[in-house]
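Student: Using the UniProt record's numbering, the first residue of the sequence shown is number 1, and each one after it goes up by one.
The C-beta atom is built at its ideal place from N, Cα and C for all residues, glycine as well.
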Amino acid sequence: MAQLERTLSSEQFQASERRRDFLRFIVEETLAGRGSRLKGYTIAVEVFGRDDSFDPQTDPVVRLEARRLRRDLDGYYVSAGRNDAVLISMPKGSYVPRFEWQEGTQPSGAGSAGSDPPLDEGATVEPASGTAPRRKMPALGLLSAGLGIVLAIGAALSWLLITPADEPPARSAAFEPAIVVTSFTTLDAAEDSRRLAEGIQQELIGSLMKFPGFRVYVSPTASTVQANGGIELARKLGVAYVVTGSVTTTAEQIHVASQLVEAETGRVLWTEGTDAPLAPATFAQVLRDLSGDIATALGQPYGIVANDLRLRAETPSVSSMQSYICVLRAYGYRRSFSKTEFQPVFDCLREAVRRDPGYSDAWAMLGWLHLDAGRYEFTGLDELPAQYNSAFSAASRAVALEPQNPLALKALSSINHYMGHYDEAERLARQAVALNPHDPDALAQLGWRLAVRGKFEEGIALLNHAIDRSARPPGWYYHLIAVSHCLNHDYEQMLHFAKLSAVDGSAVSYALLAIANGELGKAQEAQRALAAMSKFEPLARDPAVYFRRHGAIDQIVDALMSGLEKARKTASSG
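Written out as structure tokens, the structure is:
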């Protein structure tokens, strides 16, 4: 209770009065042995004055205030509370607080009454909520003070606990991959190198946390700067990956080298060096750009970590992350939208949301696959309206579980687009980009949605930016770029981008290839592309209806239909 009073009395604890009441209530109930009754309904009635008719599905007050309280606690423990002996936290997916000794403050003797006793390394603790045992994680020192960017650290840490709790079991962070970000080393004695090394770690943490699907830890002290220190920490925590790096500056240039290391084996999975101009006026922007580039390479849906996990999906260390692996499989499927891959991935996601009903990412992907079942007629044309409705329900649930989850917002945006709600689709897509401007998929989703509705200037720029930031861009990233060249009668460029899109083997890619080859008088190539396109019955049956199903404006549909007619004539002449 002493730690509770210390926290509540601090001016650095920014919580509102009702969030202070919220914290006091959950701490007192837990210490009184009543942690099992800390559900959304109980808190709504006891703390927020709701009556017996309270419904957490229609009134999110507890979830929203819990998320804010987690941020309040994070802010306190990186400022006034950084040296407090006891850390009070509220883990994701639960309203039951956790009490831990901060590193370096735990007494050598047994714990005092009401606190957790000292734990041997590797011991487990039974959570008060009655959930499965989890490994007791030591407080990570809550970053080092004195970097001069406490507010940035607090903002970054808020992402660690952003998942709202709800009555169903929330997704467990134990079943998602995790990364330790070490302090970057300096290879010279320059003050600029030191400042950049200190800042880039924090910016990188913030950038990585914007990618949903994995956890981020930091080295507990500023002295843990070498790669082996981060690897040792990762092994203790059971974390799979470690990011290390170094910084060198000259009078005019910054060089940052970064690596991703597999903690278990020490194997280097990825390395990259980046140069940037050194100018005091742009120092902060350089930090953001460099960290954003590293975070994009590691965290994007088709990035280094996701690809490594897909390759190792059957190994014991990864196969335990069943629900997360289902989401990765869905990303893989969404590169080509192959009908043969659809059903196994769909079944995997349905099992994932049954097993982990609080897992927003799985609900989002399930919504997307229901959408695919309708728009690609995987379950028949008659099922299209029902599949769209199921898609909307699943994606809406994903957003309700995590309103700031970019993946959930992207899925709901896509489904709104196909239901004809174009303004709402654009709004949600812009929200996803605002939450994570480093995510190439978010950029491509917005760019595609804008371009297909005729907003080519902004849409094509976003698609090109997404391609530049992608490790292996899916074929559909190129479709609207090829279409824009078609509208400008630049068929050589259209053919170039149509060929790039054909990596996915989709019917639309073959249609674009047929049109470009037809306009260029390449009869055999046009004939082959038309033959490949004809194997996809929904497009071959009525191309104009199919293009309009995707929300294409009349200008696009008319140009593509004219192009297909020209392709048929060219093919028949050969």
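Taking contact to mean 3 or more Cβ pairs, one atom from each stretch, closer than 8 Å, check whether the segment 62–80 and the segment 5–24 are in contact.
Tutor: yes
Student: Taking the straight line between their C-alpha atoms, what separation do you get for ARG267 and ALA442?
Tutor: 31 Å
Student: If you count every other CB in all the chains shown that lies within 10 Å of the CB of LYS569, and 16 or more means buried, which is it?
Tutor: Here LYS569 is exposed: its Cβ has fewer than 16 other Cβ atoms, across all protein chains shown, within 10 Å.
Student: If I measure Cβ to Cβ from PHE184 and keep anything under 7 Å in the same chain, skipping five residues before and after, which residues do I get?
Tutor: ALA197, ILE200, GLN201, GLY245, SER246 and VAL247
Student: Return helix, strand or coil for PHE456, following the three-state DSSP convention.
Tutor: In the structure shown, the three-state DSSP call for PHE456 is helix.
Student: When you compare each of CYS326, TYR388, ARG449 and GLU377 to ARG355 by their alpha carbons, which one comes out closest?
Tutor: CYS326
Student: Let me know if ASN405 comes out buried or exposed under the rule of 16 or more other beta-carbons within 10 Å of its beta-carbon.
Tutor: buried
Student: Where does THR271 sit, in a helix, a strand or coil, going by DSSP?
Tutor: strand
Student: How is the alpha helix (DSSP H) around ILE26 delimited, first residue to last?
Tutor: 17–31
Student: Round the Cβ separation of ALA425 and LEU409 to the nearest angstrom and send it over; I've been treating them as touching at under 8 Å.
Tutor: The pair is not a contact, with the Cβ atoms about 10 Å apart (cut-off 8 Å).
Student: Do you know offhand how far ALA32's Cα is from SER53's?
Tutor: 27 Å
Student: Output the distance between the C-alpha atoms of residue 575 and SER393, rounded to the nearest integer angstrom.
Tutor: Residue 575 is absent from the model: the chain starts at 1 and stops at 574.
Student: Measure the Cβ-Cβ separation of HIS489 and PHE497 and say whether it is below 9 Å.
Tutor: Contact: no.
Student: Select from GLY518, ILE415, GLY303 and THR30 the residue whose C-alpha is nearest the C-alpha of GLY332.
Tutor: GLY303
Student: Give me the DSSP bridge partner(s) of PRO277.
Tutor: GLN253
Student: At a threshold of 8 Å, does ILE467 count as lining the ligand MG (C-beta to nearest heavy atom)?
Tutor: Absence of the ligand MG is noted for the structure shown, with no ligands found whatsoever.
Student: Leaving aside the five residues before and after ASP293 along the sequence, list all residues of the same chain whose C-beta is less than 7 Å from its C-beta, in chain order.
Tutor: For ASP293, where only same-chain residues beyond five positions count, the Cβ hits under 7 Å are THR274.
Student: May I ask which residues mark the beginning and end of the beta strand (DSSP E) holding residue 587?
Tutor: Outside the modelled stretch of the chain, which goes from 1 to 574, sits residue 587, for which no answer is possible.
Student: Do three or more CB pairs link the segment 517–524 to the segment 538–553 at distances below 8 Å?
Tutor: no
Student: Which class does ILE179 belong to by DSSP, given the choice of helix, strand or coil?
Tutor: strand
Student: Out of GLU46, ALA2 and THR250, state which residue places its alpha-carbon closest to the alpha-carbon of ILE88.
Tutor: ALA2
Student: Could you please give the first and the last residue of the uninterrupted alpha helix (DSSP H) stretch that includes GLU5?
Tutor: 2–9 is the span of the alpha helix (DSSP H), which, as asked, contains GLU5.
Student: Does DSSP put GLN14 in a helix, a strand or coil?
Tutor: coil
Student: Between SER506 and GLY475, which are expected to be in contact by the criterion C-beta below 8 Å, what is the C-beta distance as a whole number of angstroms?
Tutor: 6 Å
Student: Please classify SER94: is it buried, with 16 or more other beta-carbons within 10 angstroms of its beta-carbon, or exposed?
Tutor: buried
Student: Tell me which same chain residues have a C-beta within less than 7 Å of the C-beta of VAL286, skipping the five on either side of it?
Tutor: ILE254 and ALA276
Student: Between the C-alpha atoms of PRO168 and ALA531, what's the straight-line distance to the nearest angstrom?
Tutor: Note on PRO168: pLDDT 34, under 50, position unreliable in the model; the coordinate value appears next. Taking the straight line joining both Cα atoms gives about 50 Å.
Student: Should GLN387 be labelled buried (16 or more other beta-carbon atoms within 10 Å of its own) or exposed?
Tutor: buried
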